[in-house]
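Going by our numbering, the sequence shown wraps up at 310, each residue one higher than the last.
We put the beta carbon where it would ideally sit given N, CA and C, even for glycine.
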Amino acid sequence: MQVLAEAGEVVVSTEDRPLTPDELHDLIRGASAVVSMAFDRIDPAKIGPELRVVSNVAVGYDNLDVPGFAERGVVVTNTPGVLTDATADLAFGLLLAVTRRLGEGERLLRAKQPWSFHLGFMLGAGLQGKTLGIVGLGQIGQAFAKRALAFGLRIVYSGRSRVAPEIEEALGAKYLPFDELIATSDFVSLHCPLTPATRHLINADVLRAMKPSAYLVNTTRGPVVDEPALADALLAGEIAGAALDVFEKEPEVEPRLLELDNVVVMPHLGSATVETRTEMALLAARNVVSVLAGTGPITEVRP
Ligand code: GLV
Ligand code: GLV
């Protein structure tokens with residue numbers, strides 16, 4: 008807020024919830040800059056000629072019609088880099104939580120259920136020596152792979168293209184076609200952006216092709232996974248479990264997922280640390296100031 012205030016008058020939504028499209032367009036009418044959240048959908052056809060920059064406080068920008076803004080000469084910016092480690096940390100936490108049944112164990116104790124230590128009690132799946140499939144080896148995917156290396160996982164990845172040989176070598180990461188990654192991985196973690204090509208990338212057929220012992224982790228965007236198909240697959244025992252930080256229709260969660268003990272759910276907390284959210288906010292504000300001052304965006308999303 009302090010950084011933005013240097014650039015001009017700041018108007019803040021007084022609602023502690025996402026605005027409806029009409030409320031949002033009313034609020035931003037006449038603005039030179041908009042600071043948007045990942046759930047804000049702004050229609051380029053409804054903006055005024057004053058608007059010069061939309062600064063999304065997120066690395067993902069599937070909520071924004073980037074080509075539509077470009078046509079109107081509006082710059083779009085996001086917040087890459089500053090949230091890489093926090094998101095990779097949460098993804099790894101989710102992998103541990105679902106394989107070692109952390110949520111389930113907690114619920115057992117909080118429900119004051121009787122229990123005792125024995126050799127077969129609440130066994131989970133170990134990580135060491137298993138194969139981790141990373142879908143999308145970008146910045147967050149690579150940060151996740153670094154953590155996975157320390158836990159003794161073997162790394163395979165798929166994506167639009169191969170990463171540089173030095174990166175493959177440093178991570179011991181092997182490129183596989185998507186279908187092969189799906190069929191051979193013990194854990195599949197999603198780190199691709201949401202695009203038309205990745206919407207429902209994880210569908211019923213893909214889930215059926217996974218190992219019955221495999222786990223799915225999603226910290227990118229909900230619609231990359233067909234959520235009802237995921238519930239079907241879990242109920243049918245086609246995969247062993249899933250850990251999800253994001254959902255198709257946030258804040259709603261497919262109700263059947265909430266009934267399953269082999270599902271871990273989090274309310275979109277990937278970047279939610281004090282340090283990271285502070286850096287995201289600062290970067291978003293600096294993008295606004297820099298565009299309005301005519302010095303150009305710091306982290307522009309190019310159409
Ligand atoms: C949050 O979901 C982000 O894209 O940064
Ligand atoms: C378990 O508590 C052990 O000591 O192995």
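- Residue pairing for residue 250: DSSP places it in a beta bridge opposite 224 and 271.
- Distances from the CA of residue 83 to each of 94, 100 and 62 were compared; the closest alpha carbon is that of 62.
- Distances from the CB of residue 224 to the heavy atoms of ligand 1 are all 7 angstroms or more.
- In the three-state reduction of the DSSP assignment, residue 194 falls in the strand class, which pools E and B.
- DSSP places residue 174 in the uninterrupted alpha helix (DSSP H) bounded by 172 to 178.
- Using a 10 angstroms sphere on the CB of residue 120, the tally of other CB atoms stays under 16, which defines it as exposed.
- Going by beta carbons, residue 100 and residue 146 fall outside the 8 angstroms limit.
- Where residue 284 is concerned, there is no enclosing beta strand (DSSP E), although the alpha helix (DSSP H) around it starts and stops at 281 to 299.
- Pairing residue 144 with residue 164, the inter-Cα distance amounts to about 7 angstroms.
- With a threshold of 7 angstroms, the Cβ atom of residue 198 does not count as near ligand 1, since no heavy atom of the ligand is closer than that.
- Beta-bridge analysis with DSSP links residue 140 to 163 and 195.
- Each residue's CA atom was taken as its position, placing residue 80 and residue 60 some 9 angstroms apart.
- The Cβ atoms of residue 139 and residue 194 lie closer than 8 angstroms to each other.
- At least one heavy atom of ligand 1 is found less than 7 angstroms from the C-beta of residue 45.
- With contacts defined by Cβ atoms closer than 8 angstroms, residue 152 and residue 141 form a contacting pair.
- Taking C-beta atoms under 8 angstroms as the contact rule, residue 205 and residue 231 qualify, at a distance of about 5 angstroms.
- Apart from sequence neighbours up to five positions away, the residues of its chain that approach residue 178 with a beta-carbon distance below 6 angstroms are 152 and 162, ordered along the chain.
- Annotation for residue 222: 102, 105, 106, 132, 193, 194, 195, 246, 247, 248, 249 and 250 place their beta carbon closer than 8 angstroms to its own, counting only its chain and skipping 5 residues before and after.
- Linking residue 208 to residue 42 through their CA atoms gives a straight-line distance of about 30 angstroms.
- Per DSSP, reduced to three states, the secondary structure at residue 132 is coil, with no helix or strand assignment.
- In the three-state DSSP reduction, residue 306 falls in the coil class, being neither helix nor strand.
- In the structure shown, residue 78 adopts helical secondary structure according to DSSP, grouped into three states.
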